[in-house]
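> Sending over a structure as structure tokens; questions will come in a sec.
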Amino acid sequence: MKWQRVSRGRGSLKTLPELMEKLQIAHPLIVCGRHSGAMLMRRVPAMTQFPVFSDYHANPDLNDATEAAALFRREGCDGLISVGGGSAMDTAKAVKAMLASGNDETQVIQNIYPETMPVPHIAVPTTAGTGAETTQFAVVYRNGNKLSLNHPDLRPDGALLDSTLLETLPDYHRKSCAMDALAQGIESYWSKAATEDSRVHAYLAILGVLDNLKAYLAGDAHAADEMLEAAYQSGRAIQITRTTAAHAMSYRLTKTMGISHGHAVMMTLPALWDMMWEKKEMQDVLQNLSSIMRLGHPLMVSRLLRGVMADLGLNAPPMPDQETLTELARSVNPERMGNHPVPMTEKDILDVYRMSFIPLMDPERQACLDIWKYYHG
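1120 is the number of the first residue of the sequence shown in my numbering; add one for each residue after it.
This is the structure in structure tokens:
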């Protein structure tokens, strides 16, 4: 895996020009939303001289990348800086892919690129969740169809982790992004592709979220540093292993139910945990995960996760009709299930969706909340 320069710490955004110099970026294209762009220009006035691309979708579209690549060429840019959440970073990665392929959409769709992509990219996350600042893949859409871009050189060459950038994040997205990082840690740990190194990153992500979530949401500065680091570690973990069923099942949920990505991912993960505990071959892994999460019996974990979601107010939408449930189950991409540790049939997937929509009722809800309350003291 290629080496990445990382700058950390509160206020480290001001070191962006130094990071640019180290990566030999003199005239970047900045990919960011309007709010993130205004913040960047205010804190680092030197950035006002560079072109900005903000016309990308929340679910990045390949046409966005084509348009941005054209701007990159017109302006004579020599690098990319993405500032924002996963959408900004995935758009910038897609721009890099388009530049490398000479604007050949067919090559990008098929993940056919030159051996190296010389355009350097610095990613500056303004959310603590996706870990996209340290991964080599991106999700973009073309004509409504989801594409997965994947190449070692799509991993940003630099990452700047400044937790002060999280301060204006809306509360719902702050919670949802935290759940994404937590899910990535858990999924990476149990993935078929897990290694000793990936499990170290997964461990740091899981405990980083669980130990700091309450203080982070209360505005604690140190906890914000730790949450941003946990999200980064979750990205390091899935860079090695990729995600599993919870992520594979989340994409259509976000579109069909109108909930955010992290909310959708963690909505199914407790039910997936319970289903896997019934598989003898998974019990050692789940016991290990339960131990590192400082819990006793592995079934305590799924209750803990439900308690976290209930405490955050990230409730499941109302149970959809059978036709919608069936469509959800059929929408899951088999390739994205490839790293899941146990095979799942369409019926298994349908059952997990159904269980995930069932609301917690007292006394079960209170028991789950009590476990979470006990956990964080």
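Built from N, CA and C at the ideal position, the CB exists for glycine as well.
1) Roughly how many angstroms separate the alpha carbons of Y1472 and P1170, rounded to a whole number?
2) Candidates T1210, M1474, N1269, G1327: which alpha carbon is nearest I1231's?
3) Alpha carbon to alpha carbon, how far is M1394 from V1202?
4) Mind the definition here: the stretch 1381 to 1398 touches the stretch 1334 to 1343 only if three or more C-beta pairs lie below 8 Å; say whether that holds.
5) DSSP three-state label for Y1175, please.
6) Sorted by chain position, which residues of the same chain lie with C-beta nearer than 7 Å to L1190's C-beta, five sequence neighbours on each side aside?
7) Classify M1428 as buried or exposed, calling it buried when 16 or more other Cβ atoms lie within 10 Å of its own Cβ.
8) Please state whether the Cβ-Cβ distance between L1332 and R1127 is less than 9 Å.
9) Would a C-beta distance cut-off of 9 Å place A1486 and R1422 closer than the cut-off?
10) Find the nearest neighbour of A1278 within the set S1409, A1390, R1449, Q1352, judged by alpha-carbon distance.
11) Per the contact definition of three or more C-beta pairs closer than 8 Å, is the stretch 1348 to 1362 in contact with the stretch 1431 to 1438?
12) Any chance you could list the beta strand (DSSP E) runs of at least 3 consecutive residues sitting entirely within the stretch 1190 to 1253, in chain order?
13) Does any C-beta atom of chain D lie closer than 9 Å to the C-beta of M1456?
14) If you run the structure through DSSP and keep just helix, strand and coil, what is D1276?
15) Have a look at the DSSP bridge pairing and note the partners of N1264.
16) In the structure shown, what three-state DSSP assignment does L1159 receive?
17) When burial is assigned at 16 or more other CB atoms within 10 Å of the CB, is V1319 buried or exposed?
18) Could you tell me the distance, in whole angstroms, from the CA atom of L1405 to the CA atom of L1424?
19) Once the 5 residues before and after R1129 are set aside, which same chain residues still bring their CB inside 7 Å of it?
20) Which whole-angstrom value is the C-beta distance of T1254 and Q1402, which I expect to be below 8 Å?
21) Given this structure, state the Cα-to-Cα distance separating C1560 from L1288, to the nearest angstrom.
22) Please report the straight-line C-alpha distance between L1136 and V1163, rounded to a whole angstrom.
23) If you draw a straight line from the alpha carbon of T1134 to that of I1200, how long is it in whole angstroms?
24) So what does DSSP say about I1144, is it helix, strand or coil?
25) Using a threshold of 9 Å, state whether the C-beta atoms of H1382 and M1298 are closer than that.
26) Under the assumption that S1310 contacts T1360 (Cβ atoms under 8 Å), give the Cβ distance between them as a whole number of angstroms.
27) Who are D1180's beta bridge partners in DSSP?
28) Near R1274, which residues of its chain fall below 8 Å by C-beta distance, leaving aside the five closest residues on each side in sequence?
29) Quick one, which of N1407, T1387, A1247 has its alpha-carbon nearest P1478's?
30) Check each candidate in D1481, T1375, R1484 and name the one with the smallest Cα separation from E1442.
31) Please report the straight-line C-alpha distance between T1235 and K1212, rounded to a whole angstrom.
32) Give the DSSP bridge partners of I1149, in chain order.
33) What residue from M1456, L1414, I1468 has the CA that sits closest to W1491's CA?
34) In chain order, which alpha helix (DSSP H) runs of at least 4 residues are fully inside the stretch 1418 to 1463?
35) Give me the Cα-Cα distance between Q1179 and M1368, rounded to the nearest whole angstrom.
36) Could you tell me the boundaries of the alpha helix (DSSP H) in which S1295 lies?
Looking at the coordinates:
1) Working through the sequence shown from its first residue, we reach residue 1472 at position 353. Working through the sequence shown from its first residue, we reach residue 1170 at position 51. Using only the alpha carbons, I get a separation of about 44 Å.
2) Within the sequence shown, numbered from 1, the residue matching residue 1231 stands at position 112. Measuring from the Cα of I1231, the nearest candidate turns out to be N1269.
3) Taking the sequence shown and counting its residues from 1, the one referred to as residue 1394 is at position 275. Taking the sequence shown and counting its residues from 1, the one referred to as residue 1202 is at position 83. Taking the CA atoms as reference points, M1394 sits about 38 Å from V1202.
4) no
5) Stepping through the sequence shown from its first residue, residue 1175 is reached at position 56. Residue state, collapsed to three classes: coil.
6) Against the sequence shown, residue 1190 aligns to sequence position 71. Answer for L1190: L1148, P1170, F1172, listed in chain order.
7) On the sequence shown, residue 1428 is found 309 positions in, with the first residue counted as 1. That one is buried.
8) One-based indexing of the sequence shown puts residue 1332 at position 213. One-based indexing of the sequence shown puts residue 1127 at position 8. No, Cβ-Cβ distance for L1332 and R1127 is not below 9 Å.
9) As a working mapping, residue 1486 is identified with position 367 in the sequence shown. As a working mapping, residue 1422 is identified with position 303 in the sequence shown. With respect to the 9 Å criterion, A1486 and R1422 are classified as neighbours on the basis of their beta carbons.
10) Taking the first residue of the sequence shown as 1, we reach residue 1278 at position 159. The candidate whose alpha carbon is nearest that of A1278 is Q1352.
11) no
12) 1198 to 1203, 1240 to 1244
13) This model lacks chain D altogether, as it is built from one protein chain only.
14) As a working note, residue 1276 is residue 157 in the sequence shown. Note: D1276 maps to coil in three-state DSSP.
15) Here residue 1264 refers to the residue found at position 145 when the sequence shown is read from its first residue. Note: N1264 sits in a beta bridge opposite R1261.
16) Within the sequence shown, numbered from 1, the residue matching residue 1159 stands at position 40. Three-state DSSP puts L1159 in a helix.
17) On the sequence shown, residue 1319 is found 200 positions in, with the first residue counted as 1. Using a 10 angstroms sphere on the CB of V1319, the tally of other CB atoms stays under 16, which defines it as exposed.
18) By one-based count along the sequence shown, residue 1405 stands at place 286. By one-based count along the sequence shown, residue 1424 stands at place 305. L1405 and L1424: Cα-Cα distance of roughly 14 Å.
19) For the purposes of this step, residue 1129 is taken as the residue at position 10 of the sequence shown. Taken in chain order, the residues that qualify are D1281, S1282, T1283, A1340, D1344.
20) Stepping through the sequence shown from its first residue, residue 1254 is reached at position 135. Stepping through the sequence shown from its first residue, residue 1402 is reached at position 283. Between T1254 and Q1402 the beta-carbon gap is near 30 Å, outside 8 Å, which marks them as no contact.
21) The chain is shown from 1120 up to 1496; residue 1560 falls before or after that span and cannot be answered.
22) Position 17 of the sequence shown, counting from 1, holds the residue named residue 1136. Position 44 of the sequence shown, counting from 1, holds the residue named residue 1163. The sequence as given places Pro at residue 1136; Leu does not occur at that position. Between P1136 and V1163, the C-alpha separation is close to 9 Å.
23) Locating residue 1134 in the sequence shown gives position 15, counting from the first residue. Locating residue 1200 in the sequence shown gives position 81, counting from the first residue. Cα to Cα, the separation comes out at about 13 Å.
24) Within the sequence shown, numbered from 1, the residue matching residue 1144 stands at position 25. Correct three-state label for I1144: coil.
25) Locating residue 1382 in the sequence shown gives position 263, counting from the first residue. Locating residue 1298 in the sequence shown gives position 179, counting from the first residue. Their beta carbons are under 9 Å apart, which means H1382 touches M1298 by this criterion.
26) For the purposes of this step, residue 1310 is identified with residue 191 of the sequence shown, where counting begins at 1. For the purposes of this step, residue 1360 is identified with residue 241 of the sequence shown, where counting begins at 1. So it is a contact: roughly 4 Å between Cβ atoms.
27) Taking the sequence shown and counting its residues from 1, the one referred to as residue 1180 is at position 61. Partner(s): Y1260.
28) Numbered from its first residue, the sequence shown carries residue 1274 at position 155. Cβ within range, chain order: M1120, K1121, Q1123, T1253, T1254, Q1255, Q1358.
29) Residue numbering aside, residue 1478 sits at position 359 when the sequence shown is read from its first letter. Measuring from the Cα of P1478, the nearest candidate turns out to be T1387.
30) In the sequence shown, residue 1442 corresponds to position 323, counting from 1. Ranking the options by Cα distance to E1442, first place goes to T1375.
31) Within the sequence shown, numbered from 1, the residue matching residue 1235 stands at position 116. Within the sequence shown, numbered from 1, the residue matching residue 1212 stands at position 93. Each residue's Cα considered, the two are about 14 Å apart.
32) Your numbering for residue 1149 matches position 30 in the sequence shown. Partner(s): V1171, I1200.
33) Your numbering for residue 1491 matches position 372 in the sequence shown. When only C-alpha atoms are compared, the closest one is L1414.
34) 1418 to 1431, 1441 to 1450
35) Working through the sequence shown from its first residue, we reach residue 1179 at position 60. Working through the sequence shown from its first residue, we reach residue 1368 at position 249. The question names Gln, but residue 1179 is Pro in the sequence shown. Their Cα atoms are separated by approximately 19 Å.
36) Numbered from 1 along the sequence shown, position 176 holds the residue referred to as residue 1295. First-last of the alpha helix (DSSP H) with S1295: 1290 to 1309.
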